[in-house]
Amino acid sequence: MAHVYLSRELTPGAMAAARALDLPVVVHDDLHRPPSREQLLDAVRGAAALITLLTDRVDAELLDAAGPQLRIVANCAVGFDNVDLGAAAARGVAVTNTPGVLDEATADVAFGLVLAASRRLVEADRLVRSGADWVWGPQLLVGLDVSAGATLGIVGLGRVGTAVARRAAAFGMRILATGSRASGDEARALGVEPAELPRLLAESDVVTLHCPLTPETHHLIGAAELTAMKPTAILVNTARGPVVDEAALVDALRTRGIAGAGLDVYEHEPRVHPGLRELDNVVLLPHVASAGRATRDAMGRLAVANVRAVLGGEPPLTPVGR
Ligand code: GLV
31 MAHVYLSREL
41 TPGAMAAARA
51 LDLPVVVHDD
61 LHRPPSREQL
71 LDAVRGAAAL
81 ITLLTDRVDA
91 ELLDAAGPQL
101 RIVANCAVGF
111 DNVDLGAAAA
121 RGVAVTNTPG
131 VLDEATADVA
141 FGLVLAASRR
151 LVEADRLVRS
161 GADWVWGPQL
171 LVGLDVSAGA
181 TLGIVGLGRV
191 GTAVARRAAA
201 FGMRILATGS
211 RASGDEARAL
221 GVEPAELPRL
231 LAESDVVTLH
241 CPLTPETHHL
251 IGAAELTAMK
261 PTAILVNTAR
271 GPVVDEAALV
281 DALRTRGIAG
291 AGLDVYEHEP
301 RVHPGLRELD
311 NVVLLPHVAS
321 AGRATRDAMG
331 RLAVANVRAV
341 LGGEPPLTPV
351 GR
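Residue 31 is where the sequence shown starts when you use our numbering, and the numbers rise one by one after that.
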């Protein structure tokens, strides 16, 4: 009998929904580590549905290993750059993601990184923890004033970018944005000015990335773009690591070409460029932007709901593809 394969255990609510499906459920048995490629190729054999994570590469080899009865790959993430959509379409396999349910959680962390990197909060925490002598001083850990009319540049104003814009508007920031929604009604109401990337980079005090990873956005921010930013500027990335040329970012941070960065994602995740770990002017998070309890539950339940729909002969709820 075909099964539903989950490459990691999800929240209890999502697991209960998965176990209520009509097919048996097989779950990778390590909560903290993804299956190895060999484990994955082996475990998907004969599956009718896969619930995958961004740590799983879903390509022609994996789809063929599953077999012709495979109907759906439900990626439990809004990003789907780990899935070869062409290979799935060629085999008649639906692909879904989890849009909409993680916008606020991701925007919270993106804005948290804006504040942490601008006001040097993690550096300040490290100073206190170090036990070093410190006393209030007019020059101690001075950073960028976010709320004093600083300009936020949002690269890729989609759902998450718009949620970030709402937070920025509440902080009184001037907002520039690229992306199709930058001239939409909500953006206009928030005071967003549509801008091409060169102007956005030149005028922003903080640049935050919210575009998907595609061949067009790979290394969208490289040495030239970092040079185009103000030397006082901050870069925040909660999108995907390869949108930024990480080696160029290390250079820019080291030489103070830009003032700082806040990163949740990395070019060769989970590896982090060793140069980043040595620098004080970057805040480093382990890809946790959507890691709110309710958000992770909603993501898991939506992935399972997509599987239920497709196995029941209905259209997927949140398809991606071409
Ligand atoms: C997380 O990075 C996601 O794409 O959901």
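The beta-carbon is built from N, C-alpha and C at its ideal position, and this holds for glycine as well. The structure displayed is predicted, hence computed values, not measured ones.
In chain order, which continuous runs of the alpha helix (DSSP H) of length 4 or greater are located wholly inside the stretch 234-260? 253-258
The alpha helix (DSSP H) with Asn-336 in it runs from where to where? 323-341
Would you mind stating whether Val-125 and Ala-96 have Cβ atoms separated by less than 8 Å? no
Taking 8 Å as the cut-off, does the stretch 127-134 touch the stretch 149-165 (at least 3 CB pairs, one atom from each stretch)? Per the Cβ contact rule, the stretch 149-165 is not in contact with the stretch 127-134 (fewer than 3 Cβ pairs under 8 Å).
Could you tell me whether the stretch 304-314 touches the stretch 136-149, using the rule of 3 or more Cβ pairs below 8 Å? yes
For ligand 1, residues whose Cβ lies under 6 Å from any non-hydrogen atom: Leu-84, Ala-107, Val-108, Gly-109, Leu-132 and Ser-320
Cut-off 7 Å between Cβ atoms - residues of its own chain near Thr-257, not counting five sequence neighbours on either side: Gly-287
Pick helix, strand or coil for Ala-104, following the three-state DSSP scheme. In the structure shown, the three-state DSSP call for Ala-104 is strand.
Output the boundary residues of the beta strand (DSSP E) element that contains Pro-224. 222-224
Give the secondary structure of Leu-206 by DSSP, where H, G and I count as helix, E and B as strand, and everything else as coil. strand
Given a threshold of 16 other Cβ atoms within 10 Å of its Cβ, counted over all protein chains shown, does Pro-300 qualify as buried or as exposed? exposed
From which residue to which residue does the alpha helix (DSSP H) around Val-158 run? 151-160
Sort Glu-226, Asp-175 and Ala-225 by Cα distance to Gly-202 and report the nearest one. Asp-175
Give me the Cβ distance between Thr-238 and Val-266, rounded to the nearest whole Å; I'm assuming they're in contact under 8 Å. 4 Å
Kindly indicate if chain C contains any beta-carbon less than 8 Å away from that of Ala-289. Protein chain content of the structure displayed is limited to a single chain, and chain C is not contained in it.
Could you tell me the distance, in whole angstroms, from the CA atom of His-327 to the CA atom of Leu-115? The question names His, yet the displayed sequence has Asp at residue 327. Roughly 25 Å between the two C-alpha positions.
Per DSSP, Thr-183 forms a beta bridge with which residues? Note on identity: in this sequence residue 183 is Gly, with Thr being the wrong assignment. Leu-206 and Val-237.
By Cβ distance below 8 Å, which residues in the same chain neighbour Pro-98 in space, the five residues on each side in sequence not counted? Excluding positions up to five away in sequence, the list reads Arg-121.
Same chain, Cβ closer than 6 Å to Thr-262, neighbours up to 5 away in sequence not counted: Ala-289
Given Ala-48, which residues of its chain have a CB within under 6 Å of its CB, disregarding the five upstream and five downstream residues? Val-55 and Val-334
Does the separation of the CB atoms of Glu-297 and Val-274 fall below 8 Å? yes
Does Leu-309 come out as helix, strand or coil in the three-state DSSP assignment? coil
Can you give the beta carbon distance from Pro-64 to Thr-41, rounded, assuming they're within the 8 Å contact cut? About 17 Å; that fails the 8 Å criterion.
Under 8 Å Cβ to Cβ from Leu-347, same chain only, skipping five residues before and after it: list those, please. Non-local beta-carbon contacts of Leu-347 in its own chain, meaning distances under 8 Å to residues more than five positions away in sequence, involve Thr-126, Leu-332, Ala-335, Asn-336 and Ala-339 in chain order.
Helix, strand or coil: which one does DSSP assign to Thr-41? coil
Answer yes or no: do Thr-268 and Ala-200 have a C-beta to C-beta separation smaller than 8 Å? Inclusion of Thr-268 and Ala-200 in the CB contact set at 8 Å is not warranted, their separation being larger than that value.
Tell me whether Gly-292 is buried or exposed, calling it buried when 16 or more other Cβ atoms sit within 10 Å of its Cβ. Buried, because 16 or more other Cβ atoms sit within 10 Å of the Cβ of Gly-292.
Check whether the Cβ atoms of His-248 and Val-190 sit closer than 8 Å, and answer yes or no. No, they are not a contact pair.
Please work out which residues of its chain come closer than 6 Å, Cβ to Cβ, to Tyr-35, disregarding the five sequence neighbours upstream and downstream, and give them in chain order. Val-56, Ala-73, Val-74, Ala-77 and Leu-80
Quick one: complete alpha helix (DSSP H) runs, 4+ long, within the stretch 58-92? 67-73
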